[in-house]
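Colleague:
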Ligand code: URA
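Residue numbers (the working numbering): 118 to 315.
1. For the beta strand (DSSP E) that contains residue 252, what are its first and last residues?
2. Secondary structure at residue 144, three-state DSSP: helix, strand or coil?
3. From residue 242 to residue 121, what distance separates their C-alpha atoms?
4. If we ignore side chains and look at the alpha-carbon of each, how far apart do residue 232 and residue 119 end up?
5. Helix, strand or coil for residue 217, going by three-state DSSP, please let me know.
6. With a threshold of 7 Å (Cβ to nearest heavy atom), would residue 197 be considered close to the ligand URA?
7. In chain order, which continuous runs of the beta strand (DSSP E) of length 3 or greater are located wholly inside the segment 128-191?
8. Can you confirm whether the segment 253-263 touches the segment 158-174 when touching is taken to mean that 3 or more C-beta pairs between the two stretches lie within less than 8 Å?
9. Which parts of the segment 253-296 are runs of the beta strand (DSSP E), unbroken and 3 residues or longer, counting only runs that do not cross its ends?
10. Quick check: is any heavy atom of the ligand URA less than 7 Å from the C-beta of residue 236?
11. Taking the beta strand (DSSP E) that residue 233 falls in, what are its first and last residues?
12. Less than 7 Å separating the Cβ of residue 175 from some heavy atom of the ligand URA?
13. Is the beta carbon of residue 200 less than 8 Å from the beta carbon of residue 147?
14. So is the beta-carbon of residue 275 under 7 Å away from any non-hydrogen atom of the ligand FMN?
In structure tokens form, the structure reads like this:
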């Protein structure tokens, strides 16, 4: 186990290839009691440099989609399946995903969000533990067992997928709209979950 302080991993050396290539560990960002917890794949170059998740091009797409539905970055929590940048932006391996899972599970457990939004194939398959056709299933809200609790998960395409494909942009925006509706339903109900409607 690496060293943790609250939701932050301060030190970890579990994945030799990632330890070698990273500049720093990139922890989740946002309120520790957020209703919406977005989970990406892993840090890219910009995130590795700045030490925050989703601050590069994908982050700009996510920020804009949040703005369009009346949310902003400080309203939500954003994290990743792995906290260290994979070399050349390759997908994290199964082993790396599993090495980092404990940190992600702890974050889900302590934040206790109404909804987890998986951004792309890697986080969707990792948290649902099955193969996921993200484009087809985007917008679906499903149940998943995470850290021994049942969680509602909204599947989404990754924001980067929208950069070259307009139809993916619509799919992404639709999923973010649904997340905002769910967050709104939670708020307008005074904190009582109305997720059963979804
Ligand atoms: N893509 C991700 O999946 N996560 C980030 O933090 C940035 C880009």
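Where a beta carbon is used, it is the ideal one built from N, C-alpha and C, also for glycine.
Every value quoted in this text rests on a predicted model; they were computed, and no experiment measured them.
Modeller: In short, the structure shows the following:
1. No beta strand (DSSP E) holds residue 252; the alpha helix (DSSP H) holding it covers 251-254.
2. Correct three-state label for residue 144: coil.
3. Distance between the alpha carbons of residue 242 and residue 121: 25 Å.
4. Those two C-alpha atoms are separated by around 27 Å.
5. In the structure shown, residue 217 sits in a helix (DSSP, three-state: H, G or I).
6. Residue 197 Cβ: within cutoff of the ligand URA.
7. Listed in chain order, they are 153-157.
8. Touching, no.
9. As far as the segment 253-296 is concerned, its whole beta strand (DSSP E) runs of at least 3 residues are 258-263, 266-273.
10. Taken from the Cβ of residue 236, at least one heavy atom of the ligand URA lies inside 7 Å.
11. For residue 233, the enclosing beta strand (DSSP E) starts and ends at 232-236.
12. Answer for residue 175: yes, Cβ within range of the ligand URA.
13. With contacts defined by Cβ atoms closer than 8 Å, residue 200 and residue 147 do not form a contacting pair.
14. No copy of the ligand FMN occurs in the structure displayed; its ligands are the ligand URA alone.
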